[in-house]
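Here my numbering is used: the sequence shown runs in plain steps of one and ends on residue 1083. Glycine residues also receive a C-beta, built at the ideal position from the N, C-alpha and C atoms.
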Amino acid sequence: MSEPVIVLYGNSLSLHAAAAGIEGRSGWRISRVEPQAENAGGQLRALHPDAILFDVAASPPEEAIALLVENAHLILVGVDFEGHRAVVLSGASPGLHTSGDLFGLLEAQIQRGETSDAPQTGANQQGAAT
């Protein structure tokens, strides 16, 4: 198995903190791409990343999202160290052939959210009580 390729998409303090934690990890190849670069999308595609980390407080990672749509194995991880959270987006694409498929997907994701270890918000607590 080849080394996983992790791309840090941006140059924020949050990404520098993330890099400090993962750059020494054996067996991972870490690269950086500046979203403002003229050919950011081409740079991302050339790296064939397994994961792209971006700062949720920065501009939306449009090129990374476009690549996510193209590659089912890719994951995007939005880091927010100030809020102590991460947002994970996966390129996995369950088949959607009917509106019933979409509703099934939504129900499964909502169910996972209700049973997850994530902190409960006021809306989650109220929904769980009904």
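- Considering only E1060, H1001 and L1055, the residue with the shortest C-alpha distance to V986 is H1001.
- Short of 6 Å from the beta carbon of A1039, and not among the five residues preceding or following it, lie these beta carbons of its own chain, in chain order: V1030 and V1032.
- The Cβ-Cβ distance between Y962 and A1017 falls below 7 Å.
- Here P1014 has Y962 and F1007 as same chain residues with Cβ atoms under 6 Å from its own Cβ, once five neighbours each way along the sequence are excluded.
- A straight-line Cα-Cα distance of about 14 Å links L1021 and I959.
- In the displayed model, G963 falls within coil according to three-state DSSP, outside both helix and strand.
- In the same chain as P957, and ignoring 5 residues on each side of it, the C-beta atoms closer than 6 Å to its own belong to W981 and D1003, in chain order.
- Under the DSSP assignment, L1042 falls outside any alpha helix (DSSP H), being part of the beta strand (DSSP E) whose first and last residues are R1038 to S1043.
- Note on geometry: alpha-carbon atoms of S1052 and L1059 lie some 11 Å from one another.
- The shortest C-alpha to C-alpha distance from I1005 to any of L968, R1065 and D1054 is the one to L968.
- For I1028, the closest alpha carbon among the candidates G1036, A1019, L1042 and E1035 is that of L1042.
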